[in-house]
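Since the structure comes first, as structure tokens, the remarks are kept for the end.
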Amino acid sequence: MHGISFDIAHMLAGFLVLASFSMLYQVRLYALLNVLALHAFVLALSVAWQAHIQDAPHLYITALIALGFKAILIPWALRKIVFRLGIHREIEAVGGIGPTMLAGMALVALSLEVMLPVTALADPVAREDIALALSVVLIGLLTMVTRRNAVSQVVGFLSLENGIILAAAGARGMPLVVEISVAFSVLVACIVVGIFLFRIRERFDSVDVGVMDTFRGGQG
Amino acid sequence: MIAPLLVQFAQMLLVLALAPLLTGLVRKVKARLQRRVGPPLVQPYRDLRRLMGKDAVMAENASWLFRVAPYTIFACTWVAAALVPTFATGLMFSWTGDLIVVAALLGTARFALSLAALDIGTAFGGIGASREAMIASLAEPATILIVFCVALIAGSTQLSNIADHMLNAHVGLRVSLALALVALIVVTLTENARIPVDNPATHLELTMVHEAMVLEYSGRHLAMIELSVSLKLLVYISIVACIFFPVGLAGAGAGPLAMAVGAAVYPIKLAIGGVLLGIFEMSIAKMRVFRLPNFVGAALMLGLLGVLLLFVSRGM
Amino acid sequence: MIAIVPGCIAILVALGVAGAILARAPVGRWIVYGGCLLVGSTSLVAGLIAIGGPTEHLVLPLGVPWIGMHLRLDSLSGFFLALLGLGAAGASLFAIGYGRHDQEPQRILPFYPLFLAGMHLVLLADDTFTFLFAWEFMSATSWALVVAQHKDEGNAHAAFVYLVMAVFSGLAMLLAFGMLAGAAGAYTFDAMRAAHPTAGVVAAAFAFALIGAGSKAGLVPLHVWLPLAHPAAPSPVSALMSGVMTKIAIYGFVRVVFDLLGGVPWWAATIVAILGGIGAVLGVLHATMERDLKRLLAYSTVENIGIVFVGLGLAMAFQANGFPTGAALALTAALFHALNHTLFKSLLFFGAGAVLHATGTRDIENLGGLIKRMPVTAATVLVGCFAISALPPMNGFASEWLIFQAILLRPELPQWGLKLAIPADGALLALAAALAAACFVRAFGIAFLGRPRTPAAEQAHETDIWSRAAMGIFAGLCLLTGLFPGAIIDLLAPVAQAMTGARMPVQTGDPWLTTVPVASSRSSYNGLLLFLFVAASGGLAAMVVRRVGSAVLRRVPPWDCGFPDPSPMTQYTAASMGQPIERVYGTAIFRARSTVDMPAPGDMRPARLTRTRSDPVWDAVYAPLGRCVTFVSSHLNVLQFLTIRRYLGFVFGALIVLLAALALWQ
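Protein chains in written order, with this note's numbering: chain A, 72 to 291; chain B, 20 to 335; chain C, 1168 to 1833.
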């Protein structure tokens, strides 16, 4: 059988999970953006590998989109935003890093436990890829939940989206149109978020979303 | 009977002979990267000879423990080094202990060193011992989890069997092994008091950990400790090499030719490890003490993740 | 063989009476402790013989009329009898010397042998009445010993908490046996073994046994009494309570779960394994922050009990999945660790007792430098510290190594709970072992090394010959069991065979006395060879270095980076030693906080550092429970001051309600 191609697919998916964990671990904003670029780069590699083993040339385009937009363009743009905003480089995490990483571990266990039995009949490459993709999605959500800074929430969102693309690439027969539209919607979301960041900053003098809470009605 | 015994002793002498050279190499690499000439490669040997020739100076209130500790530390580290396959697997006494025993022996050495640090009753010894305890409390479980990860794949905790398995069975690329490798590298940096955990070249009170513990030692006692430090670095690099890069290792009962190949490849592996370590140390800054739990804890988490993956799915 | 043990119990009861009569005479101490020493040695031998011997029964015409008292001595009770005998002999030997310093011997001497008698009877009991009687007797006599030093601050509170928890434990055991007895009301263990309980009954009996035995053993979250009660007793009794009585509780658990129930479902194994792992880490973290030497040891008992329960949980998991060899390995490891804990914890409590007597304090912040004043105590305690920190070649390492091997067996366990619990347990155990090393470096380093911090520590003196002998023997045993773990594994083989239906491979035939838990291609460990290698290379290094280099040794004042300070107050304290670990782990788990109250410039008052921490279990479970009880009882208090007519009304009302319930039920 194609043992080594399995292994490389798993390995790349595993690296994606590892990159998600280093996102949870990072406390500096610039470093976090570097990790985001790495995350997207690993995703591009993983999708390209899927294109190779599935003989699906359209996945190469997905890989290129991931590489171009997410590994280069968006981190660069976010870096500019961070620089322009001059925001504090340390991300304030809710709860310590240790508990957050433990929670991430629990999420990985959960997604493996949920996905492996469900996909028992699926293609063995796809099986574990999908399980790992779900953990990337969940860790992305966790990143968003545990960070106070709006930029790092965007980063969490992007990594979440990477997980979705990984899952999609693993499942055969995903039409290209869907992937391109997903990619563009993310880009649009990024632009919107970018604009919002500036608006928030102008309004509240901070991008800490905690500050906004005090302006919410009904809480006094 | 005699030949395996000789090979076993050859390994023990080999590690002892190479250990200071490895330390010298790392120092040299770091110096060159700083555009310094740096001390010659054999400087650690000279240091050891000089230290041994000097009188041992000891505090008045030091107890017997302070004098016994250096030899204990050295003996534990040396025996640990003897249990790790360097150029050949399945040496005569390799079954005396497995990878858990190797880790625990280094733990015994640390225990003795921490006690010796507290023996004089100075503030520096205490500060070093307490920080060492904190760091070790994360690094040791990380080591054990890495052992679990590797042992679950190889079906053995015996280093010789693990190396044979990695060499001969088609293990392939495993996610959990990759996690274990990253974790083991972090543990290696931590246990050997390298940057970013500790700076082996500093004597700045606020940052030092290991150096604070050996501050009161001198002469032959210090020589033993310095030698153990070099040996420990060699042990860890050897463990990384024999689990993850077992190329060239002579199998159990191999002929002299295979042994010779193994003995030729081993220093090359050590040299690569030493150079990479030097480059890594130069490209990163030392962390604050209370940032360390995150760094070492990450290794613990990676080890745990690897073990979890192995328990949940055979394929990873 | 079995007849010897009731004889031992009778002698112990007689010694209790003798202790009550002769309490004030110096000879009383000799008779009571000397007698207990002999009885303990007899039990040790009897237990060792019984492990490999046949199962024996005995019915005594005592206890409940027409039913009698059923006794049984099999391999399991034989092992624990040997363990009890060993612990009792050691503690009695220590007490012969140590008992001289008891303030009020009349509060200790009568109860000490009775306590031992109660523990003997638990091990032999083969019916519910005898077991529960013995269990409660053990609790009551140990309570009397806890309250013996009632004048010390806090001991009354400790005794009260202990009493409440002991009653609770007895009640849970009663319910467990009630479940096992079933509708037929079987009261002998033989009838319970023969019965085939339904799944619901098994679950309930398991839960009650876990609560009952767990609270006696100090399993988290039922451990709160242990760090209060164990240190409050005199040191030999502390050693007995920590080293032996917790093992009797483990015996109760093993007896119910493995023998009477004959296996439990996998979820039960998951609960036990996870509670054990959490207990191990919580216990040792508490110990690392503790400054009271005896309480530190008590918290470390919580840790070790956790480790034993992890082993038991693994054995239950393997058994539930039809993997008897794995179950045998895990059970052997757990029982081996129980034995080791008896050895090193007794030894350390002896050491703590010797230090307490020599300096008058248990606070390690007031000690220091004892290694020079008390060389024998220091050396033996050092051996105990090595052993309890699970460092090779001592015995603690051998048993933990076996538990790790059991974790690594990984048969294809199908249940998700076990798949997640076992790796988590591995991590928790490894964490506990590393923290234990930190804890005992701190305890030994602060108490025995450095410079004396107080005049009391400076004028400490070595303890008496009996105490030293007890400590020396136990230190030797710690080393011996570490060097020859194969002998203990073989000794435990009949127990594992009886409980799990399988045994570990025979060890004594292996070359060089190597320990091979499964197969030599999997793992092997040779403590003896390791020890010899370390000793030889250390000796060789010392010889070569002194020959090649300089052998001169000069004594000078400490260097300390050029600023030696003669005041011992500048040494590192226990608090600062524990601070990094407290900050890393304690901030989240124990809500450990330290605040500095710094006076303004010009203000003459001293700056103050306040440190607080709280037990999460106490805050989450016991404190609300306590408040609830207080609330209810204070509101029920009004019932105390009513007229007689109202009381009669209550009685009348209760009668009517009962009759009405009867009418409705029919």
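Glycine included, each C-beta is placed from N, C-alpha and C at the ideal position.
Requested in this report: Using 8 Å as the cut-off, classify the Cβ of L1464/C as near or not near the heavy atoms of the ligand SAM, replying yes or no.
Outcome: Among the ligands in the structure shown, none appear at all, so the ligand SAM cannot be discussed.
**Report entry** Neighbourhood of S93/A by C-beta distance below 7 Å, restricted to the same chain and skipping five residues each side
**Finding:** V106
**Report entry** Distance CB(E232/A)-CB(K1586/C) smaller than 9 Å
**Finding:** No; because the gap between Cβ atoms is not below 9 Å, this pair is not in contact.
**Report entry** C-alpha gap between Q1486/C and S91/A, whole angstroms
**Finding:** 38 Å
Report task. Identify the contact partners of G238/B in chain C, using a Cβ-Cβ distance below 7 Å as the criterion. Result -> The contacting residues are S1717.
Query raised in the report: Of all Cβ atoms in chain B, is any one closer than 9 Å to the Cβ of Y1739/C?
Result: yes
Query raised in the report: Thinking just about the alpha-carbon of each residue, which of F85/B, L241/B and L329/B is nearest to the one in P63/B?
Result: With distances taken between Cα atoms, P63/B lies closest to L241/B.
Query raised in the report: Within 9 Å (strictly less), CB to CB, does D78/A reach chain B?
Result: So, interface residue.
Requested in this report: Out of A283/B, L327/B, V216/B and C168/B, state which residue places its alpha-carbon closest to the alpha-carbon of R310/B.
Outcome: Of the residues A283/B, L327/B, V216/B and C168/B, the one whose Cα lies closest to the Cα of R310/B is V216/B.
**Report entry** Neighbourhood of A409/B by C-beta, 7 Å cutoff - its chain only, sequence neighbours within 5 removed
**Finding:** Lying before the first or after the last residue shown, residue 409/B is absent from chain B, which here runs from 20 to 335.
Report task. Can you have a look at A1554/C and say buried or exposed, based on whether 16 or more other CB atoms are within 10 angstroms of its CB? Result -> Burial call: buried.
Query raised in the report: With DSSP run on the structure shown, which of helix, strand or coil describes I1640/C?
Result: helix
Query raised in the report: Exposed or buried, what is G291/A when buried is set at 16 or more other beta-carbons lying within 10 Å of its beta-carbon?
Result: Unreliable placement is indicated for G291/A, whose pLDDT of 40 sits below 50; no coordinate value is reported for it.
Query raised in the report: With 16 other CB atoms within 10 Å as the buried threshold, where does T1437/C fall?
Result: Classification of T1437/C: buried, given that the 10 Å Cβ count is 16 or more.
Query raised in the report: Where does E1223/C fall in DSSP's three states?
Result: strand
Query raised in the report: In or out: L1825/C buried (at least 16 other Cβ within 10 Å) or exposed?
Result: exposed
Query - Continuous alpha helix (DSSP H) stretch holding V190/B: start and end - result: Counting along the chain, V190/B falls outside any alpha helix (DSSP H), and DSSP gives it neither H nor E.
Query raised in the report: When the Cβ atoms of the segment 78 to 96 of chain B are set against those of the segment 128 to 136 of chain B, are three or more pairs found closer than 8 Å?
Result: yes
Query raised in the report: With a cut-off of 8 Å, do at least 3 Cβ pairs link the segment 1235 to 1255 of chain C to the segment 1205 to 1217 of chain C?
Result: Touching, yes, given that three or more Cβ pairs across the two stretches are closer than 8 Å.
Query - CB contact below 9 Å: Y90/B versus chain C - result: yes
**Report entry** K1836/C versus G1551/C - alpha carbon distance
**Finding:** Residue 1836/C lies beyond the range of chain C shown here (1168 to 1833); nothing can be said about it.
Report task. Would you verify that the beta carbon of G157/A is, or is not, closer than 9 Å to some beta carbon of chain C? Result -> no
Report task. Could you have a look at S1688/C and say whether DSSP puts it in helix, strand or coil? Result -> In this structure, S1688/C counts as coil in the three-state DSSP scheme.
Query - chain B contacts made by the segment 167 to 193 of chain A, where a contact means CB separation under 9 Å - result: G167, I168, G169, M172, L173, G175, M176, V179, A180, L183, E184 and L187
Query raised in the report: Do we get a CB-CB distance below 9 Å when we pair L109/A with the residues of chain B?
Result: So no, L109/A is outside the interface.
Query raised in the report: Pick from L1464/C, I1574/C, N1562/C and A1500/C: whose alpha carbon is nearest that of L327/B?
Result: I1574/C
Query raised in the report: Applying the criterion that 16 or more other CB atoms from any shown protein chain within 10 Å of the CB defines a buried residue, is L35/B buried or exposed?
Result: Answer is buried; the Cβ neighbour count reaches 16.
Query raised in the report: Can you tell me where the alpha helix (DSSP H) with T1308/C in it begins and where it stops?
Result: T1295 to V1313
Query raised in the report: Is it the case that the Cβ atoms of V1199/C and A1177/C are separated by a distance below 9 Å?
Result: no
**Report entry** Top-ranked residue by Cα proximity to L209/A, from S230/A, Q125/A and F112/A
**Finding:** S230/A
Requested in this report: Step through the CB atoms of chain B and report whether any lies within less than 9 Å of the CB of M1541/C.
Outcome: No, M1541/C does not count as interfacial toward chain B.
**Report entry** 4-residue-minimum alpha helix (DSSP H) runs that sit fully inside the segment 1486 to 1532 of chain C, ordered along the chain
**Finding:** 1491 to 1526
Query raised in the report: Of all Cβ atoms in chain A, is any one closer than 9 Å to the Cβ of M153/B?
Result: no
Query raised in the report: For the putative contact between A1190/C and P1280/C, defined by C-beta atoms under 8 Å, what is the C-beta separation to the nearest angstrom?
Result: About 12 Å; that fails the 8 Å criterion.
**Report entry** Which of helix, strand or coil DSSP assigns to R99/A
**Finding:** strand
**Report entry** 6 Å CB neighbourhood of M72/A in its chain, flanking five on each side removed
**Finding:** Legend: pLDDT at M72/A = 43, less than 50; position of this residue unreliable, value from coordinates given subsequently. If we look at M72/A and ignore the five residues flanking it on each side, it has no Cβ neighbours.
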